[in-house]
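Residue 704 in my numbering sits at position 622 of the sequence shown; the count goes up by one each step and never skips.
For glycine and all other residues, C-beta sits at the position ideal for the given N, C-alpha and C.
What follows is a short report on a single structure.
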Amino acid sequence: MKGMQQVLENGSSVLDHVPFPMMLTAKDATVLWWSKEAERTFGFTADEIVGKFYPFFEENSSAIQKSTWDQVIQSNDPIRFENFILHSKHGQPVHVSAVLNSMIIDDEHCVMFLFEVDNIPTINQASSTQELASFKMGLDETFMLTYLDQDGLITYANTLFLKSSKWTPKRIIGKSFWQLFPEESADKLVNQIWYALKSNRVWQGSVEKLTKDGETYWVDMTAIPVLDMNDEPMYFTILEKDITDKRRLQLHLEQIAYVDPETGLMNRHRLENIVSNLIAEDRHFSFIFLDIDKFYTLKDMHDEESETTLLLEFAKRMKMYFQDSDIARVGEDEFVVLTPLSDWFIQGFLSYLKQHPIYIRNKAIPISISGGITRFPEDQSTFLHLMKASSATIHKVKKEGGGNIVSLSKANHVALSRKAMIEKRLIEALHHKDLSVMYQPQVDLKSGKIDAVEALVRWEDAVLGTVSPSDLIPIAEETGMIHDIGTFMLEKACEQAATWAKQGKPMKVSVNSSIREFRDKNMVKKIRQVLEKFDCPAHLLQIEITEKFALEAESEQSIIRQMLQLQTDGVTFVLDDFGTGYASFRYMQLLPITELKIDQSFISSITKQEKLQKLVEGIIQFGKSMEIRVLAEGVETKEQQDLLTKLGCDAIQGYYVSHPVPASEIEKL
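Laid out in structure tokens, this is it:
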């Protein structure tokens with residue numbers, strides 16, 4: 083019995099994975115071992131059961147009589163007994179079925195019982211709440227059960243397995259475990275399971291299997307080796323729970339979350355996951371960004387149904403050409419292909435499209451595309467940078483007429499590397515407050531005095547050197563760090579305006595703001611808090627917005643509302659770079675603009691071009707008709723100042739007055 087005891091001790095930890103009550107008896111039906119799940123189910127502890135003889139079978143109605151017991155002992159195969167009654171420790175009936183398997187351990191005949199419980203007895207109050215919850219959870223689940231011999235042949239399958247898989251005992255018993263899996267996964271997956279079992283390890287996971295009819299279904303599987311006294315596997319127990327419905331729901335949700343509904347290609351979210359995995363595995367690939375040239379012109383020429391056909395046919399050609407590659411739709415007419423293939427093959431897609439034209443209503447539609455190729459790891463190392471680099475390359479291709487697929491150029495690579503470095507260093511600069519503020523004065527042409535200044539951000543980095551605002555601001559807007567820069571500039575401007583006011587030299591200070599900042603519903607609250615923090619009068623703060631800002635704000639009531647609230651407080655708004663793009667009479671009426679700044683591009687040649695003079699005069703007269711102050715930017719000569727004075731301009735700003743200087747220099751001007 084010493085060897086027997088060793089086997090039980092070695093095997094008990096493995097058998098604890100089994101969610102069914104289990105019991106091992108000697109040939110005379112004396113209990114040798116009692117599982118933890120059996121303790122929870124029937125209420126008896128192992129100490130109360132081990133060494134006893136059937137202590138809780140229903141008298142005179144046991145399904146296992148002497149004659150059948152002898153059959154169990156002599157059988158080489160598991161035998162199943164259906165629907166009989168046991169009693170719990172507290173006398174409650176427990177309806178069970180059982181599988182009995184005869185085995186020899188340490189030269190002694192033994193029988194392993196595995197019970198399937200139909201009803202859950204009430205556990206005594208002494209049982210812990212945690213155990214009760216665990217117990218109910220385990221028994222609420224229904225499991226399929228199969229046994230395998232040492233060669234992986236099926237020796238037993240329970241009723242639920244047969245029902246779910248549609249196999250019959252005749253067709254499954256004695257057959258290989260391998261035949262239950264789809265061909266494409268059988269070798270790799272089953273070898274993993276088999277290796278674990280042969281290594282005396284439990285294997286758990288979700289697997290796809292085949293019914294007798296070839297239909298697929300999914301199960302959560304636990305595969306358990308049953309060991310002899312020499313730690314050698316005697317046979318293997320496979321427990322399975324059908325999760326087909328759950329899996330189908332998961333696949334449906336993935337379809338919604340990861341697939342573009344119009345083309346059936348993966349979407350950007352799924353693409354990002356795949357790229358992240360490839361990067362984590364350090365696998366080389368080319369990131370190809372493709373854009374259909376003049377798509378909106380094609381769109382306007384056809385109806386919605388034809389547009390859908392065009393996209394579907396284009397997607398079909400990508401899948402045919404870039405077989406076994408991951409393809410995603412990331413915009414209305416933008417696509418990405420991930421492939422390890424060479425540039426010459428990728429560029430061959432242009433010829434393929436010409437050879438396989440798209441027909442809509444029997445008419446060939448000429449399709450031209452622009453593409454950018456960026457490689458990992460040679461060119462970029464993150465999904466976002468791969469997207470940006472490829473997009474930048476496409477932009478250059480389109481400028482040159484489109485209809486081409488090119489690799490990231492050396493010049494673009496250098497520019498993008500610097501851009502990535504600026505982004506990285508900017509995070510540190512904001513954290514350490516390494517940015518600085520310069521002020522450029524504005525002169526009132528009637529009085530000749532400085533009555534306002536514009537606060538301008540400056541950045542001198544230890545690694546990058548001087549970073550110009552033209553490099554800094556677009557990157558800050560892309561990354562969202564424009565909010566942090568805006569807060570920094572607002573605080574510095576209000577602090578300085580308050581200082582000058584306390585010195586008896588009140589002067590308005592302008593700060594630039596973006597549409598992204600005003601989309602924050604707490605923008606008014608933030609500005610009011612900063613004004614209060616530095617005891618700055620609201621009328622000394624000016625906020626400069628661009629024409630693009632104004633155009634977008636025109637259709638967003640929440641932004642207009644915030645601007646009007648600030649105007650009520652005394653804050654004024656200035657329309658910057660007027661005349662460069664989106665001039666609209668409507669937003670001039672809707673938004674509380676009190677000043678407009680004529681862009682320096684009109685001023686640089688104003689003394690040499692009569693048309694420019696008339697245009698600037700028209701802007702000045704427009705401002706006066708709207709009772710809006712007009713300021714000219716970029717004034718560099720006395721001639722320009724004199725002409726602007728003659729035309730009726732209210733104020734000027736530019737190098738003729740002063741370069742941007744520290745606050746201390748403003749006081750000397």
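- Cα separation between ILE361 and ILE557? In the sequence shown, the residue the question calls residue 361 occupies position 279. In the sequence shown, the residue the question calls residue 557 occupies position 475. In a straight line, the C-alpha of ILE361 is about 24 Å away from that of ILE557.
- Item | Limits of the unbroken beta strand (DSSP E) element including SER191 | Taking the first residue of the sequence shown as 1, we reach residue 191 at position 109. Checking the displayed sequence, the identity of residue 191 turns out to be His instead of Ser. First-last of the beta strand (DSSP E) with HIS191: 190-199.
- Message: Tell me the residue span of the alpha helix (DSSP H) that contains TYR441.
- Response: Walking along the sequence shown from the start, residue 441 turns up at place 359. Unbroken run through TYR441 is the beta strand (DSSP E), 440-442; no alpha helix (DSSP H).
- Task: Just the C-alpha distance for ILE442 and ARG350, rounded to the nearest angstrom, thanks.
- Result: As a working note, residue 442 is residue 360 in the sequence shown. As a working note, residue 350 is residue 268 in the sequence shown. Rounded to the nearest angstrom, the two C-alpha atoms are 28 Å apart.
- Message: For a test of the three-state rule: what should DSSP assign to THR475, helix, strand or coil?
- Response: Walking along the sequence shown from the start, residue 475 turns up at place 393. Correct three-state label for THR475: helix.
- Task: Quick one: using the 10 Å Cβ neighbour count with 16 as the cut-off for buried, is ILE320 buried or exposed?
- Result: Numbered from its first residue, the sequence shown carries residue 320 at position 238. Of the residues assessed, ILE320 falls on the buried side of the cut-off, its CB having 16 or more other CB atoms within 10 angstroms.
- Note down, in chain order, each residue of its chain lying with its Cβ closer than 7 Å to the Cβ of ASP222, except the 5 sequence neighbours on either side. Translated into positions along the sequence shown, residue 222 becomes position 140. Since pLDDT at ASP222 reaches only 35, below the 50 mark, its modelled position is unreliable, and no value is offered.
- Query: How would you call ASN240, buried or exposed, if buried means at least 16 neighbouring beta carbons within 10 angstroms?
  - Reply: Translated into the one-based positions of the sequence shown, residue 240 becomes position 158. Buried is the call here.
- Query: What does a CB cutoff of less than 8 Å around GLY562 pick up in its chain, not counting 5 residues either side in sequence?
  - Reply: As a working mapping, residue 562 is identified with position 480 in the sequence shown. If we look at GLY562 and ignore the five residues flanking it on each side, its Cβ neighbours are ARG598.
- Query: Sorted by chain position, which residues of the same chain lie with C-beta nearer than 7 Å to MET670's C-beta, five sequence neighbours on each side aside?
  - Reply: Translated into the one-based positions of the sequence shown, residue 670 becomes position 588. Cβ neighbours of MET670 beyond the five flanking positions: MET708.
- Task: Assign TYR669 to one of three DSSP states: helix, strand, or coil.
- Result: The count along the sequence shown starts at 1 and reaches residue 669 at position 587. In the displayed model, TYR669 falls within a helix according to three-state DSSP.
- Item | Distance, ALA120 Cα to THR237 Cα | For this step, residue 237 is matched to residue 155 along the sequence shown. For this step, residue 120 is matched to residue 38 along the sequence shown. The alpha-carbon atoms of THR237 and ALA120 are separated by roughly 24 Å.
- Query: What residue from HIS366, GLU389, PRO175 has the CA that sits closest to PHE458's CA?
  - Reply: Position 376 of the sequence shown, counted from the first residue, corresponds to residue 458. Ranking the options by Cα distance to PHE458, first place goes to HIS366.
- Message: Is it the case that the region 447-454 contacts the region 352-360, given that we only count it when at least three CB pairs across the two stretches are under 8 Å?
- Response: no
- Item | Member of ASP188, TRP151, GLU198, MET194 whose CA lies at the smallest distance from the CA of PHE166 | The residue labelled residue 166 in the question sits at position 84 within the sequence shown. Out of ASP188, TRP151, GLU198, MET194, GLU198 has the C-alpha closest to the C-alpha of PHE166.
- Message: Bridge partners for MET400 per DSSP, in chain order?
- Response: Within the sequence shown, the letter at position 318 stands for residue 400. Paired residue(s): none; MET400 is not in a bridge.
- Task: Determine the contact status of LEU546 and ILE504, defining contact as a CB-CB distance below 8 Å.
- Result: Against the sequence shown, residue 546 aligns to sequence position 464. Against the sequence shown, residue 504 aligns to sequence position 422. Cβ distance < 8 Å, so LEU546 and ILE504 count as in contact.
- Message: Measuring only the C-alpha atoms, how far is GLY716 from GLN682?
- Response: Translated into the one-based positions of the sequence shown, residue 716 becomes position 634. Translated into the one-based positions of the sequence shown, residue 682 becomes position 600. Rounded to the nearest whole angstrom, the C-alpha separation of GLY716 and GLN682 is 5 Å.
- What are the partner residues of GLU290, as DSSP defines its beta bridges? Here the question's residue 290 lines up with position 208 in the sequence shown. For GLU290, which the question treats as bridged, DSSP gives the partners TRP300.
- Item | With 16 other Cβ atoms within 10 Å as the buried cut-off, status of GLY413 | Within the sequence shown, residue 413 is the residue found at index 331, counting from 1. With fewer than 16 Cβ atoms within 10 Å of its Cβ, GLY413 is classed as exposed.
- For VAL743, collect the residues of the same chain with a Cβ closer than 7 Å to its Cβ; drop the 5 residues on either side in sequence, then sort them by chain order. One-based indexing of the sequence shown puts residue 743 at position 661. For VAL743, where only same-chain residues beyond five positions count, the Cβ hits under 7 Å are MET520, TYR521.
- Item | Nonlocal neighbours in the same chain, by C-beta distance under 8 Å from MET105, ignoring five residues either side | Start at 1 with the first residue of the sequence shown, and residue 105 comes out as number 23. For MET105, where only same-chain residues beyond five positions count, the Cβ hits under 8 Å are VAL113, TRP115, TRP116, SER117, ALA120, ILE131, MET194, PHE195, PHE197.
- Item | Segments assigned alpha helix (DSSP H), at least 4 residues, entirely inside the region 406-472 | 425-429, 431-437
- Message: Quick check on the DSSP output: the alpha helix (DSSP H) that includes ASN349 runs from which residue to which?
- Response: To locate residue 349, count along the sequence shown from 1; it is residue 267. Looking at the DSSP string, ASN349 is not in any alpha helix (DSSP H), and its letter there is neither H nor E.
- Is it a yes or a no for the region 642-653 touching the region 620-630, going by three-plus beta-carbon pairs under 8 Å? yes
- Item | Segment limits, alpha helix (DSSP H) that includes ALA111 | Here the question's residue 111 lines up with position 29 in the sequence shown. Unbroken run through ALA111: none, as it is neither H nor E.
- Alpha carbon to alpha carbon, how far is ASP152 from PHE263? Give it in angstroms, no decimals. Here residue 263 corresponds to residue number 181 of the sequence shown, with the count starting at 1. Here residue 152 corresponds to residue number 70 of the sequence shown, with the count starting at 1. Whole-angstrom Cα-Cα distance: 37 Å.
- Message: With DSSP as the reference, identify every bridge partner of SER368, one or two as the case may be.
- Response: Locating residue 368 in the sequence shown gives position 286, counting from the first residue. In DSSP, SER368 forms a bridge with THR421, ARG457.
- Message: So, for THR390: in the same chain, excluding its five sequence neighbours on each side, which residues have a beta-carbon less than 8 Å away from its beta-carbon?
- Response: Mapped onto the sequence shown, residue 390 falls at position 308. GLU344, listed in sequence order.
- Nearest-angstrom Cβ-Cβ length linking ILE409 and MET402, presumed shorter than 8 Å: Looking up residue 409 in the sequence shown gives position 327. Looking up residue 402 in the sequence shown gives position 320. ILE409 to MET402, Cβ: 11 Å. No contact.
- Counting pairs of beta carbons, one from the region 266-286 and one from the region 239-255, are three or more of them closer than 8 Å? No, they do not touch.
- Query: Does the pairing of the region 590-609 with the region 633-651 give three or more beta-carbon distances under 8 Å?
  - Reply: The answer is yes - the region 633-651 touches the region 590-609, with three or more Cβ pairs under 8 Å.
- Closest residue to LEU697 among LYS720, LEU672, LEU729 (Cα-Cα distance): Position 615 of the sequence shown, counting from 1, holds the residue named residue 697. The residue with the shortest Cα to Cα distance from LEU697 is LEU729.
- Query: Quick one: Cα of MET226 to Cα of VAL178, how far?
  - Reply: The residue given as residue 226 occupies position 144 in the sequence shown. The residue given as residue 178 occupies position 96 in the sequence shown. Roughly 15 Å separates the two Cα atoms.
- Query: Got a sec? Which residues, its chain only, sit under 6 Å from VAL357 by beta carbon, not counting five neighbours each side?
  - Reply: Here residue 357 refers to the residue found at position 275 when the sequence shown is read from its first residue. PHE465, listed in sequence order.
- Query: For TRP541, which residues does DSSP report across the bridge?
  - Reply: The sequence position of residue 541 within the sequence shown is 459, counting from 1. For TRP541, which the question treats as bridged, DSSP gives the partners VAL549.
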